[in-house]
Amino acid sequence: MAPTARKNAATPHYTVPGLKPDTAAEVITVLQDRLNALNDLALTLKHVHWNVVGPTFIAVHTMLDPQVDGVREMVDTTAERIATLGGSPVGTPGALVAQRSWDDYSIGRADANAHLAALDLVYSGVIEDHRAAIEKTEELDPVTEDLLVTQTGGLEQYHWFVRAHLERPDGTLVTANAPTEKAAARKAKR
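Count along the sequence shown from 1, add 44, and you get the number used in the numbering used here.
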């Protein structure tokens, strides 16, 4: 006889004490989306690290390595939380591409300002989605909420490092209202 089908592929057979499997499944779904976003961000940061050129190359190149390391740590923590909740984290490139709701990073070899302008939008998107995930997990699982709050603080600091390069003396950003990475990159060259 075939085993009974699970209600939801993400519904674990067991989870942490005090959390119902259906609730854990909701949290796992939120975390898998964040895992995909963080994996993508780590790869994007490394791509920029390899493709940045120009007079401020070394400053940006070396600024990005600690960000890559920090985001990779967030990836590991997120995957381990999924496993702790009884889920199975999926970190394959194919799953990331199939499950994501955003496009690939669109800038290749370019000067530091172009990449930083595009990264401004990337970080904005990741942080907005992390904040939405915090709201979703607030009632479901405060432990996961705390993990996401901590990660968001780190992401916001990295974003500040990027934005510091894009800020005008009056406090406005050269990338203000840019709808796409390429548009932000163009605005940064003016």
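Even glycine gets a Cβ: it sits at the ideal position worked out from N, Cα and C.
Along the chain, which unbroken stretches of the alpha helix (DSSP H) at least 4 residues long are found entirely within the segment 177-211? 186-208
Which listed residue (Ala68, Thr196, Leu184 and Leu85) has its alpha carbon closest to that of serine 150: Leu85
Under 8 angstroms: do the segment 79-93 and the segment 118-131 share three or more Cβ pairs, one atom per stretch? yes
Taking the alpha-carbon of phenylalanine 101 as reference, which of Thr224, Ala154 and Ala123 has the nearest alpha-carbon? Ala154
Can you list, in chain order, the residues of its chain whose CB lies under 8 angstroms from that of isoleucine 68, leaving out five sequence neighbours each side? One detail in the question is off: residue 68 reads as alanine in this sequence, not isoleucine. Contacts found: Thr55, Pro56, Thr59, Val60, Leu129, Gly130, Gly131 and Asp185.
Does the Cβ-Cβ distance between alanine 177 and valine 74 come in under 8 angstroms? yes
Label glutamine 195 either buried or exposed according to how many other C-beta atoms from any shown protein chain fall within 10 Å of its C-beta, with 16 as the threshold for buried. buried
Helix, strand or coil for alanine 154 per DSSP? strand
Please go through the same chain and pick out, in chain order, the residues whose beta-carbon is closer than 6 angstroms to the beta-carbon of tyrosine 202, but skip the five residues on each side of it. Gln111
Alanine 127: buried (16+ other C-beta within 10 angstroms of its C-beta) or exposed? exposed
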